[in-house]
Amino acid sequence: MNERYGALGTHLLVELNDCNPSLLDDMPLLRRVLLRAAEEAGATIVGEVFHKFSPIGVTGIVCIAESHISIHTWPEHAYAAVDIFTCGEDFKPRKAANFIAESLQSRQCDITEVQRGGVSASLSAAFGD
Numbered sequence: 019m020n021e022r023y024g025a026l027g028t029h030l031l032v033e034l035n036d037c038n039p040s041l042l043d044d045m046p047l048l049r050r051v052l053l054r055a056a057e058e059a060g061a062t063i064v065g066e067v068f069h070k071f072s073p074i075g076v077t078g079i080v081c082i083a084e085s086h087i088s089i090h091t092w093p094e095h096a097y098a099a100v101d102i103f104t105c106g107e108d109f110k111p112r113k114a115a116n117f118i119a120e121s122l123q124s125r126q127c128d129i130t131e132v133q134r135g136g137v138s139a140s141l142s143a144a145f146g147d
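In terms of this note's numbering, the sequence shown is residues 19 to 147.
Structural data, given as structure tokens:
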């Protein structure tokens, strides 16, 4: 039997409900919010891509050295789905999640945390970690 050694990363699934709909359709604002969230949480930004849908909605991703922060918005439902995945120890994903929720004026923020990529102690030892 393999003993679990630890997770390779932490993945936050962030449900933002009852947000300000106009903020959810403002691509430049969403870009600023995600970039600032990454900075505030201690991430190293390496890239970004954002797309504005017609008639409404935005999808964006900020690639960070520690992994990524993404957002998908549905202004017509006052809802945004945010994913924050990190494999770094210095990056604080909950700080980023809270910053995004506050910036989008979410009245209900639900966060599910998932530990990803469990590594067994025997496998880790085999590779000298």
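In this text, a Cβ means the ideal position worked out from N, Cα and C, and glycines have one as well.
Own chain residues within Cβ distance below 6 Å of Arg112, not counting five before or after: none
Nearest neighbour of Gln123, chosen from Glu58, Asp101, Glu33 and Ala56 [CA to CA]: Glu33
Proximity to Thr62 [Cα-Cα], best of Gly136, Thr104 and Cys127: Thr104
Cβ-Cβ distance between Val80 and Leu41 below 9 Å: no
Close Cβ partners of Gly65 (< 8 Å) along its chain, the five nearest in sequence each way excluded: Val80 and Cys81
Close beta carbons around Gly135, own chain, < 7 Å, minus the five adjacent residues each side: Ala25, Leu26 and Gly27
N-terminal and C-terminal residue of the alpha helix (DSSP H) that Leu34 is part of: Careful: Leu34 lies outside any alpha helix (DSSP H), inside the beta strand (DSSP E) at Gly27 to Asn35.
Chain-order list of residues whose beta-carbon lies under 7 Å from that of Pro93 (same chain, five-residue window excluded): Pro39, Leu42, Asp43, Ile74 and Gly75
Rounded distance between the beta-carbons of Ser88 and Gly78, thought under 8 Å: 7 Å
Beta-carbon proximity of Ala96 to Asn35, cut-off 9 Å: yes
DSSP three-state assignment for Lys70, whether helix, strand or coil: strand
Cβ neighbours of Leu47 in the same chain (closer than 7 Å, five flanking residues each side left out): Leu41
Run of the beta strand (DSSP E) containing Arg134, from where it starts to where it stops: Gln126 to Arg134
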